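Student: Before we start, here is the structure in question, set down as structure tokens.
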Amino acid sequence: EYIRSQINKNNSDSYWLNEFHEYSQLISPMAPDLFHITNGLALLSAVVARRILIKTGYGDQYPNLFIIWIAPSTIYHKSTTLNIAKNIMDTHFPFLLGPNAMTTEALLYSMSGGKPVNYEELTPEQRNHFSKKLHFAGQKAFFIDECSGFFKKMKKDYNNDLQELFMEFYDCPASYEHNTKSSGMRII
Numbered sequence: 022e023y024i025r026s027q028i029n030k031n032n033s034d035s036y037w038l039n040e041f042h043e044y045s046q047l048i049s050p051m052a053p054d055l056f057h058i059t060n061g062l063a064l065l066s067a068v069v070a071r072r073i074l075i076k077t078g079y080g081d082q083y084p085n086l087f088i089i090w091i092a093p094s095t096i097y098h099k100s101t102t103l104n105i106a107k108n109i110m111d112t113h114f115p116f117l118l119g120p121n122a123m124t125t126e127a128l129l130y131s132m133s134g135g136k137p138v139n140y141e142e143l144t145p146e147q148r149n150h151f152s153k154k155l156h157f158a159g160q161k162a163f164f165i166d167e168c169s170g171f172f173k174k175m176k177k178d179y180n181n182d183l184q185e186l187f188m189e190f191y192d193c194p195a196s197y198e199h200n201t202k203s204s205g206m207r208i209i
């Protein structure tokens, strides 16, 4: 209720979010207001890409968000609503999107600026896309449909530390160092 009341004040601070909310409702009218509003906030958080912070006595605070919508299937059009922000990211900020599927090691490799193992096979367009992603290698947004599948993948042996990694990255450490015998050192 508080978020909705702040949005409905029509002040200039929430102009973009009001516009996004209206646009999102046109595309997915069955979704609750809270889905539209939090989707807009997630989009803003993703686009900021760790470039805005608030300094506090207990450390720097970044506008990172973990949002999970829990509602019955079909009725509330969660996927349709999520795809509104995801499509905007795909169209305008694809270099900020994390992979759809990943292992912990592949994510760390990518976020530390590692080239894809098949880089030489990529088309010029794909190489250009990779080059843009490289500038924001350590900043990734994930718009995950069906979080139960995502949580299930975290339980796999090769991903058993992915949940902890996401929690650590949520706090936006100044740098993150990962060192293994087989992969060597990765610094994000």
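In our numbering, each residue carries its 1-based index in the sequence shown increased by 21.
Using N, Cα and C, we set each Cβ at its ideal position, and we do this for glycine too.
Computed from a prediction, not measured in an experiment: that's the story for all the values here.
Examine the Cβ distances between the region 121-135 and the region 101-108 and report whether three or more of them are shorter than 8 Å.
Tutor: Taking 8 Å as the limit for Cβ pairs, the verdict is that the region 101-108 does not touch the region 121-135.
Student: What do you get for Thr102, buried or exposed, if any count of 16 or more other CB atoms within 10 angstroms of its CB means buried?
Tutor: Taking all protein chains in view, the Cβ of Thr102 is crowded by 16 or more other Cβ atoms within 10 Å, so the residue is classified as buried.
Student: Using only the alpha-carbon positions, how far apart do Lys161 and Asn39 sit?
Tutor: 25 Å
Student: Looking only at its own chain, which residues have a Cβ that is under 7 Å from the Cβ of His199, when we skip the five neighbours before and after it?
Tutor: Leu129 and Arg207
Student: What's the gap between the Cα of Gly170 and the Cα of Thr144?
Tutor: Straight through space, the alpha carbons of Thr144 and Gly170 are spaced by roughly 31 Å.
Student: Under 8 Å between the Cβ atoms of Trp90 and Phe41?
Tutor: no
Student: With a cut-off of 8 Å on the beta carbons, I'd call Tyr97 and Met51 a contact; round off their distance for me.
Tutor: 6 Å
Student: Excluding the 5 residues preceding and the 5 following Ser100 in the sequence, name in chain order all residues of the same chain whose CB lies nearer than 6 Å to its CB.
Tutor: Asp166
Student: Can you round the beta-carbon distance between Leu117 and Phe157 to whole angstroms, since I take them to be within the 8 Å contact cut?
Tutor: Taking 8 Å as the upper bound for CB-CB distance, Leu117 and Phe157 are in contact here, some 6 Å apart.
Student: As a quick exercise: from Lys153, Lys202 and Cys193, pick the residue whose alpha carbon is nearest that of Ile209.
Tutor: Cys193
Student: Since Ile88 and Thr59 are thought to touch, with beta carbons under 8 Å apart, how far apart are those beta carbons, to the nearest angstrom?
Tutor: Rounded, the Cβ-Cβ distance is 5 Å, consistent with contact.
Student: With a threshold of 6 Å on Cβ separation, who are the neighbours of Ile48 within its own chain once the five nearest residues in sequence on each side are excluded?
Tutor: Ile105
Student: Roughly how many angstroms lie between the CA atoms of His150 and Asp54, to the nearest whole one?
Tutor: 34 Å
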